[in-house]
Each structure stands twice: as structure tokens, then as C-alpha cells.
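Everything below concerns the one structure shown next.
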Amino acid sequence: MDISSVLLDPELGGTAFTVERITCTRSREGTTSCSRTIQATGCIHPGTPEMLKLLPAEEQQETFIVIYTDYILSTGTPGEDGASFDAPDRIHWSGQAWRVVKIRDWQGFGYVQAWAVRMPEDKEYRE
Numbered sequence: 040m041d042i043s044s045v046l047l048d049p050e051l052g053g054t055a056f057t058v059e060r061i062t063c064t065r066s067r068e069g070t071t072s073c074s075r076t077i078q079a080t081g082c083i084h085p086g087t088p089e090m091l092k093l094l095p096a097e098e099q100q101e102t103f104i105v106i107y108t109d110y111i112l113s114t115g116t117p118g119e120d121g122a123s124f125d126a127p128d129r130i131h132w133s134g135q136a137w138r139v140v141k142i143r144d145w146q147g148f149g150y151v152q153a154w155a156v157r158m159p160e161d162k163e164y165r166e
């Protein structure tokens, strides 16, 4: 089953958003980060109260979104060399920044479901 047309349908919440992927590298001098952005599309909806209960206590914020997209999102990964790592993806949408905290892999159906919490306003993304 291919649901890609649904992910792009504006009547079902289809929208464009920016994914920011940050790679951090540790060295003797400290940690440096390199950021790259990718344009993606998908459906974005508010998270439900039932979903909120499934998040860890430190992630249970009142405002979070659920993203359905064919772009493979990440909650962060350690580097193979131990000196680098990828931070959780940041979603920039509707003038705000959101940090991906949970991924459900449905690639067999052509998409992933990601849960993202709103980041503090001092780190807000300006379009």
C-alpha cells in the first residue's frame, strides 16, 4: 500500500517543513557542531492526550506534534568513531522549532511517524 499521495494532500494536513540535522564532533578543544537543512513534506497534526501519556515524563509537554512523512527522521545517533554524534532532528514548521523525540517506522507502508516537542522560545526558528 502506497500512501504517498495522502502525505502531500493539504486537506489532510500535508505541508512543507524544514528538517535540521546537527552533527556534533568532540575533540580536545571542545565540541563543534555542523548543521544542515533539508526540505521535506508530510502531514503534521497536534499530538493527542493519549499519545502524550506514552512519552517519557521529561518529554511530556503540553505542546507536541505528530509528523507523517516519507523522509526518514531521527531521534539522534551515536557516531561509529565515538567522537561524533547526530543530535535529534529539529523540525522547523509554522515559525517554531520542534525536537524529534520518538519515531515509529512504517517504511513498509511508505512513511514514518515522528513525535516532536516544541523547543523553548529562546531557540525558536525564524523563517
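Heads up: take any position in the sequence shown, counting from 1, add 39, and you land on our numbering. For every residue, glycine included, the Cβ atom is placed at its ideal position computed from N, Cα and C.
Tell me residue i's beta-bridge partners as DSSP assigns them.
i: R157; result: W137
i: Q146; result: Looking at the DSSP assignment, Q146 forms no beta bridge with any residue, so it has no partner.
i: Y110; result: Partner(s): none; Y110 has no beta bridge.
i: A79; result: F56
i: S123; result: T64
Quick check on residue i: does DSSP put it in helix, strand or coil?
i: G115; result: coil
i: P181; result: In this structure the chain extends from 40 to 166, so residue 181 is not present and cannot be described.
i: E68; result: coil
Can you give the beta carbon distance from residue i to residue j, rounded, assuming they're within the 8 Å contact cut?
i: R138; j: V156; result: 6 Å
i: A79; j: Y107; result: Wrong, their Cβ atoms sit about 11 Å apart, outside the cutoff.
i: T54; j: W154; result: That belief does not hold up - the Cβ atoms of T54 and W154 are roughly 17 Å apart, past 8 Å.
Are the region 52–66 and the region 116–133 touching by the rule of at least three beta carbon pairs closer than 8 Å? Touching, yes.
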